[in-house]
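Numbering (numbering that gives the first Met the number 0), first residue to last: 0 to 80.
Glycine included, C-beta positions come from ideal geometry on N, C-alpha and C.
Notes for the one structure printed next.
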Amino acid sequence: MTSARDWHFLPYSPGEISQPSKAFFSIEFTEESLVENSEEYQTLRKGVLKVLGIIVGLLKDRPAPPIGHVRKKGQKARGLD
Numbered sequence: 000m001t002s003a004r005d006w007h008f009l010p011y012s013p014g015e016i017s018q019p020s021k022a023f024f025s026i027e028f029t030e031e032s033l034v035e036n037s038e039e040y041q042t043l044r045k046g047v048l049k050v051l052g053i054i055v056g057l058l059k060d061r062p063a064p065p066i067g068h069v070r071k072k073g074q075k076a077r078g079l080d
């Protein structure tokens, strides 16, 4: 569980971190959010889905390491196995 309320995403590519936009994403969590059919529950659910969608999008857009790139700590090299 996290106590974070405001989420800020920093676009990253190897060697640089871009300046984030001024927009941030806020998720409201109250005790009423635990009642499944309540409006607060639906609002919380939509907020979490929005943040997860952004995270997945950022992960999909990140550049892949070059073929044969060796990872740290003895992990398998990514490439043609």
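- Following the DSSP letters along the chain, one finds glutamate 39 inside the alpha helix (DSSP H) bounded by residues 38-60.
- The alpha-carbon of threonine 29 is positioned some 33 Å away from that of aspartate 60.
- Proline 62 and isoleucine 26 have their C-alpha atoms some 29 Å from each other.
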